[in-house]
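**Q** In my numbering, the protein residues as written are 355 to 931.
Where is the CB? At the ideal position from N, CA and C, for every residue including glycine.
From a predicted model like this one, the values you see are computed outputs, not experimental measurements.
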RNA sequence: GCUGGGAUAGCUCAGUAGGUAGAGCACAUGCAUGGUAAGCAUGAGGUCACGGGUUCAAAUCCCGUUCCCAGCUCCA
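(1) Would you tell me roughly how many angstroms separate the C-alpha atoms of residue 659 and residue 551, rounded to the nearest one?
(2) Do residue 792 and residue 799 have their beta-carbon atoms positioned less than 9 Å apart in this structure?
(3) Pull up the distance between the alpha-carbon of residue 606 and that of residue 890, whole angstroms please.
(4) With DSSP as the reference, label residue 774 as helix, strand or coil.
(5) Quick test of your reading: residue 930 and residue 829, contact by CB under 8 Å. State the CB separation rounded to the nearest angstrom.
(6) Can you check whether the CB of residue 802 is closer than 9 Å to the CB of residue 684?
(7) List, from N- to C-terminal side, the beta strand (DSSP E) runs of 3 residues or more that fit wholly inside the region 424 to 497.
(8) Just list the residues that DSSP pairs residue 904 with in beta bridges.
(9) Quick check: residue 583 and residue 648, are their CB atoms within less than 9 Å of each other?
(10) Are three or more beta carbon pairs between the region 741 to 761 and the region 775 to 784 nearer than 8 Å?
(11) Can you list, in chain order, the residues of its chain with a C-beta nearer than 7 Å to that of residue 894? Leave out the 5 residues immediately preceding and following it.
(12) Based on the DSSP output, what are the partners of residue 683 in its beta bridges?
(13) When DSSP builds the beta bridges, which residues end up paired with residue 588?
(14) Just curious, the alpha helix (DSSP H) that residue 965 is in, first and last residue?
(15) Could you give the C-beta distance for residue 717 and residue 751, rounded to a whole number, given that I count them as a contact under 8 Å?
(16) When you compare only the Cα positions, how much space is there between residue 882 and residue 910?
(17) Find out if the Cβ-Cβ distance for the pair residue 837, residue 885 is shorter than 9 Å.
(18) Given a threshold of 16 other Cβ atoms within 10 Å of its Cβ, counted over all protein chains shown, does residue 579 qualify as buried or as exposed?
(19) Say whether the region 728 to 735 touches the region 763 to 773, bearing in mind that this needs 3 or more beta-carbon pairs closer than 8 Å, one atom from each stretch.
(20) Is there contact here, the region 667 to 680 with the region 803 to 818, by at least three beta-carbon pairs under 8 Å?
(21) Classify residue 566 as buried or exposed, calling it buried when 16 or more other Cβ atoms lie within 10 Å of its own Cβ.
(22) Could you give the DSSP three-state label for residue 566: helix, strand or coil?
(23) Could you check what DSSP says for residue 793 in three-state terms: helix, strand or coil?
(24) Looking at the unbroken beta strand (DSSP E) that takes in residue 624, where does it start and where does it end?
(25) Tell me the DSSP secondary structure of residue 618 in three-state form.
(26) With DSSP as the reference, identify every bridge partner of residue 763, one or two as the case may be.
(27) Is there contact here, the region 431 to 440 with the region 470 to 478, by at least three beta-carbon pairs under 8 Å?
(28) Could you pull the start and end residues of the alpha helix (DSSP H) that residue 365 belongs to?
(29) On the DSSP bridge assignment, give the partners of residue 652 in chain order.
(30) Starting from residue 864, follow the alpha helix (DSSP H) in both directions and report where the run begins and ends.
(31) Per the DSSP calculation, residue 666 is bridged to which residue(s)?
(32) Do the region 416 to 433 and the region 477 to 492 touch if we need at least three Cβ pairs shorter than 8 Å?
(33) Are the Cβ atoms of residue 784 and residue 633 separated by less than 9 Å?
(34) Using the Cβ count rule (16 or more neighbours within 10 Å means buried), how would you classify residue 688?
(35) Report yes or no: do three or more beta-carbon pairs, one from the region 385 to 403 and one from the region 494 to 512, lie closer than 8 Å?
(36) Between the Cα of residue 764 and those of 537, 414, 703, 726, spot the shortest distance and give me the residue it belongs to.
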């Protein structure tokens, strides 16, 4: 965002606050910054504001804009500031947080005054009234803390010109069409059935499951090549396991209630993570340094009790499958393993043509287990790994897991919301808790380092991201149906069935449209379902043994013999284009 | 969980001075046998989210619950 547009947005948020204060009684103001794509302002207000009220506020803003008030900066003392904002508790709180000697400035525009660092545009009339729009109303905790009061937040946006505003709104509408929840229904990929099964529980329909299977196969092959072995663990285990791991103490609010069998017998717990299970496999044998590093992977399904308000399509669910792996190694191997995981991860993301992601290093949280020195060591190891492969990253302070710091890769959805997918976590603590060891060169027991990692994160979330990333038009290798056979009339139904059987043998996902419809409609239907290839089969094709092929992105691409076309498809599938 | 808005056919949605429900698509049947982006007709399909209340009468008004949407907080 350029400084210019940021100034404009921030200034417009002042104008909005001014308008709201003029329209409603007893308005207390929070903060009102510029953000990506717009601005917001938070209000503590007795009246309820709904989206229906926005036009009214916009009108008032237009009035203020037309008045052309100058934005004037004044530097004031703490005492003066407290006097100016004597009726504004949020502002007073902020003023009192200024350290001694820090410059406190206010900005005036007309009779509106705000505690503000600036900078601002010159005057309110520099805002083009046709280039701003208020977008939505939402609640937001004061200072972003759940224990604080919830304020009313109004979001808006502004651009330099009305044309840019229209473009933004247009793009936003287009982006909404890519929403995986919408496409999931349209393409019949999955469903979530709160009434019949429960919120946040995903049903993968045949089309969605076909994509998942393809992703899983790819994942499996890649991991095997990288020296991973696969294990499987049960979905429930006695609660003492979760006591040992620390989950009962540190993670219980995200866990489903315990499963009680008989009165007085031990309870069972539905796993919210896979690591304790993997550790039990480890601990069932004696290990030598010679085996290391051990890389154990599993597509492990976990269940987490998430608050209803956070559930979101496939992106945030209550039951999901992680492409989890745990690497057990010596300390001396740790750095190399971390680097390997980073490279592996980036490589896999590249296959799905992801380029636009952000990397975060999350450090020690408030609630943590273990010793600070070990945390520091783990954080340094991750940092070093990131730097060695030259990956740009941001620090996310206090966002680590309770047992260790992590590096996350977050990917944007169609509306720009970031979702954590890949994660790599270095853990010295759970090995401690489980008293894990291996025999070193000298015949002594030594504690292994554990690296937890997932590349997709969860298959559900990754699938959601993928649907939006491709806008529902999956590349051939992932497409639920790769080829639609379209007979022109009933005369070719039988021939198409035969063709289908042959193509299935070649591992092509193919289906026949045997509806009693016109050709043009069948083409339209296949396009609606984003099927990459169609083969039109009429009398001519039946006689010649050729297929008339249509590619979704290019239209009619001519005719091919069946064998040639199979080779063409297979080549494209292998290349994962 | 919190703030605001919602929940009507498989899907997208109409249905405000309270009077027991409609459209398009999809589905089934019939007609049409169609050559590269939606042929015509007919039919079937709904405890209007769930539970309570007000009323002679509730999809419609009120309360609660569940879930959904946009944010916030929290997370893969």
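**A** Reading off the structure:
(1) As a working mapping, residue 659 is identified with position 305 in the first chain. As a working mapping, residue 551 is identified with position 197 in the first chain. Spanning the two alpha carbons is a distance of roughly 15 Å.
(2) Locating residue 799 in the first chain gives position 445, where the first residue counts as 1. Locating residue 792 in the first chain gives position 438, where the first residue counts as 1. Yes.
(3) Numbered from its first residue, the first chain carries residue 606 at position 252. Numbered from its first residue, the first chain carries residue 890 at position 536. Using only the alpha carbons, I get a separation of about 57 Å.
(4) On the first chain, position 420 is the one that residue 774 refers to. Residue 774 falls in the strand class under three-state DSSP.
(5) Numbered from 1 along the first chain, position 576 holds the residue referred to as residue 930. Numbered from 1 along the first chain, position 475 holds the residue referred to as residue 829. With a Cβ gap of about 7 Å, residue 930 and residue 829 count as contacting.
(6) Taking the first chain and counting its residues from 1, one reaches residue 684 at position 330. Taking the first chain and counting its residues from 1, one reaches residue 802 at position 448. In terms of Cβ geometry, residue 684 and residue 802 form a close pair [threshold 9 Å].
(7) Fully enclosed beta strand (DSSP E) runs of 3 or longer: 426 to 430, 458 to 463, 466 to 469, 486 to 495.
(8) Position 550 of the first chain, counted from the first residue, corresponds to residue 904. Partner(s): 888, 910.
(9) Counting from 1 along the first chain, the entry for residue 583 is found at position 229. Counting from 1 along the first chain, the entry for residue 648 is found at position 294. Yes, Cβ-Cβ distance for residue 583 and residue 648 is below 9 Å.
(10) Touching, per the Cβ criterion.
(11) Here residue 894 refers to the residue found at position 540 of the first chain. Nothing listed; no residue qualifies.
(12) One-based indexing of the first chain puts residue 683 at position 329. Residue 683 pairs with 803.
(13) Mapped onto the first chain, residue 588 falls at position 234. In the DSSP assignment, residue 588 is bridged to no other residue.
(14) Nothing can be reported for residue 965, as the shown portion of the chain is limited to 355 through 931.
(15) For the purposes of this step, residue 717 is taken as the residue at position 363 of the first chain. For the purposes of this step, residue 751 is taken as the residue at position 397 of the first chain. Indeed, because the Cβ distance is near 5 Å, the residues count as touching under 8 Å.
(16) Taking the first chain and counting its residues from 1, the one referred to as residue 882 is at position 528. Taking the first chain and counting its residues from 1, the one referred to as residue 910 is at position 556. The alpha-carbon atoms of residue 882 and residue 910 are separated by roughly 16 Å.
(17) Your numbering for residue 837 matches position 483 in the first chain. Your numbering for residue 885 matches position 531 in the first chain. In this structure, residue 885 lies closer than 9 Å to residue 837 by Cβ.
(18) Reading the first chain from its first residue, position 225 is the one you call residue 579. So residue 579 counts as exposed.
(19) Counting C-beta pairs with one atom in each stretch, the region 728 to 735 and the region 763 to 773 have fewer than three that are closer than 8 Å, which means they do not touch.
(20) Yes, the region 667 to 680 touches the region 803 to 818.
(21) Taking the first chain and counting its residues from 1, the one referred to as residue 566 is at position 212. Burial call: buried.
(22) Taking the first chain and counting its residues from 1, the one referred to as residue 566 is at position 212. DSSP places residue 566 in the helix class (H, G or I) of the three-state scheme.
(23) Counting from one through the first chain, the residue named residue 793 turns up at place 439. In the structure shown, the three-state DSSP call for residue 793 is strand.
(24) By 1-based counting over the first chain, the position of residue 624 is 270. Residues 622 to 624.
(25) The residue you call residue 618 lines up with position 264 of the first chain. Residue 618: coil per DSSP, three-state reduction.
(26) Translated into positions along the first chain, residue 763 becomes position 409. 713, per the DSSP bridge assignment.
(27) Because the criterion of three Cβ pairs below 8 Å is not met, the region 431 to 440 and the region 470 to 478 do not touch.
(28) Position 11 of the first chain, counted from the start, is the residue given in the question as residue 365. Its alpha helix (DSSP H) spans residues 357 to 377.
(29) As a working note, residue 652 is residue 298 in the first chain. Its beta-bridge partners are 678.
(30) As a position in the first chain, residue 864 is number 510, starting the count at 1. Residue 864 -> not in any alpha helix (DSSP H); beta strand (DSSP E) instead, spanning 864 to 866.
(31) What you label residue 666 is simply residue 312 of the first chain in a count that begins at 1. In DSSP, residue 666 forms a bridge with 670.
(32) Verdict: yes, contact present.
(33) By 1-based counting over the first chain, the position of residue 784 is 430. By 1-based counting over the first chain, the position of residue 633 is 279. Taking 9 Å as the Cβ cut-off, residue 784 and residue 633 qualify as a contacting pair.
(34) Position 334 of the first chain holds residue 688. With a 10 Å radius around the Cβ and a threshold of 16 neighbouring Cβ atoms, residue 688 comes out buried.
(35) Yes, they touch.
(36) Position 410 of the first chain, counted from the start, is the residue given in the question as residue 764. Relative to residue 764, the option among 537, 414, 703, 726 whose CA is nearest is 703.
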